[in-house]
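In the numbering used here, the protein residues as written are 122 to 290.
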Ligand SMILES: NC(=O)c1ccc[n+]([C@@H]2O[C@H](COP(=O)([O-])OP(=O)(O)OC[C@H]3O[C@@H](n4cnc5c(N)ncnc54)[C@H](OP(=O)(O)O)[C@@H]3O)[C@@H](O)[C@H]2O)c1
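As C-alpha cells, then:
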C-alpha cells in the first residue's frame with residue numbers, strides 16, 4: 122500500500138496560518154523549511170490545494186507536484202486534479218510511487234484524514250502565538266493518534282511525528 126503523511130508547521134497555539142489570505146511562510150523556521158524539503162523529496166510526491174500552491178508560486182523541484190483545483194486548467198510543471206483521494210492514491214501507486222506528502226492546506230489535510238488515508242502526521246511546533254488563525258483541519262473530526270518520535274529541529278523548534286490510528290474510521 123502507498124504510504125501517506127501530512128506535513129505541517131503550526132504555531133504554539135495550534136494554527137497553520139494567521140488567516141486564510143495570509144500566504145506568507147516567513148513565520149516558519151529555516152529548520153522546518155529544511156525538514157520539509159528533505160522529507161518531501163524523500164517521498165517524491167507533494168499534494169496540495171490551489172491556495173497553498175499559490176503561497177509557493179512554483180512547482181517544488183525534484184518532486185511530482187499535484188495540485189487540487191476545480192478552476193485552474195493548466196499550470197506548468199504541475200498535475201492538476203479533482204480526484205477523490207482514494208482514486209488519486211491508487212493512480213499514484215499504479216505509477217510506482219511508494220509514498221506521498223500531503224502538504225495542505227486545511228481543506229486538503231481534512232479531505233485525506235476524513236477518507237482515513239493518512240498514516241503519519243508530522244507537526245513542526247513553531248515558537249509563535251497567533252491568538253487566532255487557520256486551524257489544521259476545517260471540520261470537526263475525531264482522529265486518534267500515537268506519538269512515534271519527537272525531535273528538536275533547532276533549539277526552539279520541535280518536530281512531532283504521530284501515527285494515525287486507521288483502525289477506527
Ligand atoms: N503551516 C503550514 O504548514 C501550512 C501548510 C499549507 C498551507 N498552509 C496555509 O493554509 C491556508 C490555505 O488552506 P486552505 O484550506 O484555505 O486552502 P488549500 O487547501 O490550500 O486550497 C483550497 C483549494 O483547493 C482546491 N480544492 C480543495 N479540495 C478540492 C477538491 N476536492 N477538488 C478540487 N479542488 C479542490 C480548491 O481550489 P479552486 O478554488 O482552485 O477550485 C480550493 O479552493 C493558507 O493560509 C496557507 O498559508 C499552512
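Note that the Cβ used here is the ideal one computed from N, Cα and C, for glycine as well.
Owing to the predicted nature of the structure, the values given are computational and were not obtained by experimental measurement.
Is any non-hydrogen atom of ligand 1 found closer than 7 Å to the C-beta of residue 187, if you look at the structure I gave you? Position 66 of the chain shown, counted from the first residue, corresponds to residue 187. No, since every heavy atom of ligand 1 falls outside the 7 Å radius drawn around the Cβ of residue 187.
Any chance the CB of residue 223 is under 7 Å from a heavy atom of ligand 1? Working through the chain shown from its first residue, we reach residue 223 at position 102. False, no ligand heavy atom lies under 7 Å from that Cβ.
Out of 129, 205 and 223, which one is the CA nearest neighbour of residue 293? Look at the range of the chain in this structure, 122 to 290, and you will see that residue 293 is not part of it.
Residue 169 - containing alpha helix (DSSP H), residue span: Residue 169 sits at position 48 when you count from the first residue of the chain shown. Here residue 169 belongs to no alpha helix (DSSP H); instead the beta strand (DSSP E) covers 166-170.
Does the distance between the C-beta of residue 232 and the nearest non-hydrogen atom of ligand 1 fall short of 7 Å? Along the chain shown, one-based indexing puts residue 232 at 111. Distance from the C-beta of residue 232 to the nearest heavy atom of ligand 1 is below 7 Å.
Return helix, strand or coil for residue 197, following the three-state DSSP convention. As a first step, residue 197 is located in the chain shown; it is residue number 76 there, counting from the start. Reduced to three states, the DSSP call for residue 197 is coil.
Ligand 1 heavy atom lying under 7 Å from the CB of residue 131: Translated into the one-based positions of the chain shown, residue 131 becomes position 10. The answer is yes for residue 131.
Assign residue 211 to one of three DSSP states: helix, strand, or coil. Translated into positions along the chain shown, residue 211 becomes position 90. Residue state, collapsed to three classes: helix.
With the cut-off set at 8 Å, would you say residue 288 and residue 152 are in Cβ contact? Counting from 1 along the chain shown, the entry for residue 288 is found at position 167. Counting from 1 along the chain shown, the entry for residue 152 is found at position 31. Residue 152 sits away from residue 288, with the two beta carbons spaced by 8 Å or more.
Quick one: residues in its chain with C-beta nearer than 7 Å to the C-beta of residue 190, no 5 flanking neighbours on either side, listed in chain order? Here the question's residue 190 lines up with position 69 in the chain shown. Apart from the 5 residues on each side of it in sequence, residue 190 sits with its Cβ closer than 7 Å to the Cβ of 171 and 201 in its chain, given in chain order.
Would the C-beta of residue 170 count as close to ligand 1, meaning under 7 Å from any of its heavy atoms? Here residue 170 refers to the residue found at position 49 when the chain shown is read from its first residue. In this structure, the C-beta of residue 170 approaches ligand 1 to less than 7 Å from one of its heavy atoms.
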